[in-house]
Amino acid sequence: MKSSVPELRLRQANLRQTRSDGEYVLYWMTTARRTHGNYALQRAVDWCEALQKPLLVFEPIGCRGRWNSDRFHAFVLQGMRDQQARLKEVGAGYLPSVERMPGAARVIFDELTRRACVVVADDFPCYFLPQMLEAGAARCPVRMEAVDGNGLFPMRGTDQVFPTAYAFRRFLQKNLPAHLGQFPKFDPFRGRDLPRFAESLLPQSIRELSTVDDLLLRGDPAALAGIPIDHSVGPAAFPGGEAAGRKVLRTFLESRLNRYAEHRNDPDQEAASGLSPYLHFGHIGAHEIFVAITQRENWTPERLAAKASGSREGWWMMSPEAESFLDELITWRELGFNMCSHRSDFDQYGSLPEWARRTLQEHAGDPRPWRYSADELEGAETHDELWNAAQRQLVREGRMHNYLRMLWGKKVLEWSASPEEAVETLIHLNNKYAVDGRNPNSYSGIFWVFGRYDRAWGPERPIFGKIRYMSSENTARKLPVKGYLDRYGP
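The sequence shown maps to residues -10 to 479 in the numbering used here.
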């Protein structure tokens, strides 16, 4: 079959064949939860056209994940409303599913794949999702393909793990231009004449198992109360969904991007993009954001600098604010995908560079003037009011100011009995409360605290050794934080 998706983004997840007598093409939507700019959906539509079969999109959310809570369920459910409306409009089938008992999603998956011609799935390299994909592919009776739509550079485009952002940036500057002409179609249904999906193709038993009513789709707390997840973590301070993500992008372009380069580290300025949660859940894609930036800049690939220097500025030949943002969106974000797609121990202390583990071990016995338990840290019960404010923002809103997130991690290293304990604490707090947690980019941020992607620094300090040091006092001297402390006080 001729594919409109680059081959480097496709991999066959099992060794089975397509079934021409199946009833539909099934798209198992798990991480690219959107209907625009979605390579996996585009590949599924290719199959529909080739086989002349209708499309069924199955979008589940389970109840067994360690950190499943009202916060993440509500965010995903709000996005399901967007999928439901768009897929109905184009005549595709859509089955949103909220697991109410462990194993229910597996029953639905097995029944749907039994009736499918071919299955297309999202390819995502961390949390429990690689194992879930592997298990699903093993049970699937027909061909299953996994599609990488995570970033501008395909995960399979390199077989090495880059040790620093500089090394990866230099690699991208040499190799990314070849991929800048390969973008997913904004609307994968446009110009396609596909058979319409008939609701009669879904057995009543499956409909009953996957019932999602309007209250759930709004993320209503009363409706969520009947799902066996953590109800102590309430919904985020911002809505989920493709429409909401696109609105955040417009706001960023119109009123924040022009201040991004100068003020993105300033807690009292609203200069950050706010796009990270939407990128994590796939409510918006990196390609769509990149295109929006290039349109704002009236940019074309012909403007790229000729030399791949690895510099953070000057290669794109865009404005300083656009270049600063693209370095975060592409270099730093995709550096995390590079690590997670090649190393299964990306979330383990042992994955740190040898120099970092050595210096931390040399200082493992250093006195720690301040020590806090995991519960005290979670409750923002420390002597450091700036740190407490950052933790309160995380708990209350589901996000944290980007610069303060670095300080937040450094202090947990300083206040923990060991660096190994600090790693576990940071992963737990981040994954429990941050809407953009459980993501390659968030693991990059956590492990950067301990030396990943960094170098040895001097002078050598107690506890930290040669790990880069940060303090709340220095942060408060460098940046205005009074407004932030007022907003996130006790």
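Each residue gets a CB set at the ideal place from its N, CA and C atoms; glycine is no exception.
I need the boundaries of the beta strand (DSSP E) containing residue i, first residue and last residue.
| i | result |
| --- | --- |
| Leu141 | Note, Leu141: premise wrong, no beta strand (DSSP E); not H, not E. |
| Tyr13 | 13 to 17 |
| Ala105 | 105 to 111 |
| Leu191 | From DSSP, Leu191 is part of no beta strand (DSSP E); its letter is neither H nor E. |
| Gln350 | Counting along the chain, Gln350 falls outside any beta strand (DSSP E), though it belongs to the alpha helix (DSSP H) covering 343 to 351. |
| Arg0 | -1 to 1 |
Please determine, among the options, the residue with the shortest C-alpha to C-alpha distance to residue i.
| i | options | result |
| --- | --- | --- |
| Gly92 | Ser199, Gln6, Leu141 | Ser199 |
| Arg181 | Asp316, Cys37, Glu310, Ala212 | Cys37 |
| Ala156 | Leu393, Arg441, Ala465 | Arg441 |
| Asn419 | Asn247, Val384, Leu402, Trp376 | Val384 |
| Tyr432 | Asp111, Thr414, Ser86 | Thr414 |
| Leu141 | Lys400, Thr320, Gly447 | Thr320 |
| Arg253 | Leu468, Gly472, Thr19 | Leu468 |
| Lys42 | Arg53, Trp446, Gly11, Gly426 | Gly11 |
| Leu165 | Ser244, Arg239, His276, Thr102 | His276 |
| Ile195 | Glu251, Asp112, Gln120, Ala94 | Ala94 |
| Leu551 | Ser189, Pro184, Gly299, His390 | Residue 551 lies beyond the residue range present for the chain, which begins at -10 and ends at 479; the question has no answer from this structure. |
| Pro256 | Thr289, Tyr13, Arg466, Gly434 | Arg466 |
| Gln258 | Ala29, Lys471, Trp404, Asp334 | Lys471 |
| Ala233 | Leu4, Ala406, Leu66 | Leu66 |
| Phe326 | Glu188, Thr371, Ala154, Asn377 | Ala154 |
| Ser189 | Glu291, Arg104, Glu123, Ser362 | Arg104 |
| Ser192 | Asp112, Met121, Glu100 | In the sequence under discussion, the amino acid at residue 192 is Pro, which differs from the Ser named in the question. Of the candidates Asp112, Met121, Glu100, the one whose C-alpha sits nearest the C-alpha of Pro192 is Glu100. |
| Gly274 | Asn27, Tyr13, Trp17 | Asn27 |
| Val96 | Cys129, Leu204, Arg55 | Cys129 |
| Ser460 | Ala406, Ala445, Glu374 | Glu374 |
In the DSSP assignment, the alpha helix (DSSP H) including residue i goes from what residue to what residue?
| i | result |
| --- | --- |
| Val150 | Careful: Val150 lies outside any alpha helix (DSSP H) and carries neither H nor E. |
| Leu418 | 408 to 422 |
| Arg381 | 374 to 386 |
| Leu213 | 210 to 213 |
| Leu238 | 231 to 240 |
| Arg158 | 154 to 164 |
| Trp359 | Here Trp359 belongs to no alpha helix (DSSP H), and DSSP marks it neither H nor E. |
| Tyr392 | 391 to 404 |
| Gly125 | 118 to 128 |
| Asn430 | 429 to 437 |
| Asp203 | 203 to 206 |
| Tyr267 | 265 to 269 |
| Tyr249 | 249 to 252 |
Residue i and residue j look like a contact to me (Cβ under 8 Å); what is the Cβ gap, rounded to whole Å?
| i | j | result |
| --- | --- | --- |
| Leu(-1) | Leu45 | So it is not a contact: roughly 20 Å between Cβ atoms. |
| Leu(-3) | Gly146 | 6 Å |
| Arg89 | Gly215 | 7 Å |
| Gly80 | Phe186 | 6 Å |
| Ile452 | Asp355 | 5 Å |
| Trp305 | Tyr361 | Incorrect: roughly 43 Å between the Cβ atoms, too far for contact. |
| Ala493 | Val109 | Lying outside -10 to 479, the shown extent of the chain, residue 493 is not represented and no answer is given. |
Cutting at 7 Å between CB atoms, please list the residues of its own chain near residue i, excluding the five before and the five after it.
| i | result |
| --- | --- |
| Asp364 | none |
| Gly303 | Ala294 |
| Asp176 | His25 |
| Gly68 | Arg22, Gly229, Gly230, Glu231, Phe270, His272 |
| Asn247 | Glu310 |
| Arg8 | Cys106, Val131 |
| Pro184 | Gln41, Lys42, Pro43 |
| Ile416 | Asp336, Ile435 |
| Ala369 | Asn377, Gln380, Arg381 |
Cutting at 8 Å between CB atoms, please list the residues of its own chain near residue i, excluding the five before and the five after it.
| i | result |
| --- | --- |
| Phe439 | Tyr338, Leu341, Ala345, Leu349, Leu402, Pro408, Ala411, Val412, Ile456 |
| Ser(-7) | Gln31, Arg32, Asp35, Lys174 |
| Gln171 | Pro(-5) |
| Tyr83 | Leu45, Val46, Glu48, Gln72, Gln73, Leu76, Lys77 |
| Ala281 | Leu238, Leu242 |
| Trp437 | Met395, Gly398, Asp443 |
| Ala225 | Arg60, Ala63, Phe64, Pro266, Glu386, Gly387, Arg388, Val424 |
| Tyr422 | Arg60, Val222, Leu383, Val384, Gly387 |
| Met(-10) | Asp35, Trp36, Ala39 |
| Pro152 | Pro342, Tyr442 |
| Arg207 | Leu66, Gln67, Arg70 |
If you drop the 5 nearest sequence neighbours on each side, which residues of the same chain put their C-beta closer than 6 Å to that of residue i?
| i | result |
| --- | --- |
| Ala2 | Ala126, Met133, Ala135 |
| Phe314 | Tyr249 |
| Pro85 | Glu48, Met69, Val201 |
| Gln382 | Met389, Tyr477 |
| Ser58 | Ile218, Asp219, Val222 |
| Asn531 | The shown model of the chain, from -10 to 479, leaves out residue 531, and the question about it has no answer. |
| Asp334 | Ser340 |
| Arg158 | Gly299, Thr320 |
| Arg5 | Val131, Arg132 |
| Cys329 | Pro114, Cys115, Phe335, Pro429 |
| His352 | Ile452, Gly454 |
message: Going residue by residue through the segment 40 to 99, where are the continuous alpha helix (DSSP H) segments of at least 4 residues, counting only ones entirely within it?
response: 59 to 78
- prompt: Whole alpha helix (DSSP H) runs in the segment 284 to 323 with 4 or more residues, listed along the chain?
  reply: 309 to 315
- prompt: Whole alpha helix (DSSP H) runs in the segment 450 to 475 with 4 or more residues, listed along the chain?
  reply: 461 to 467
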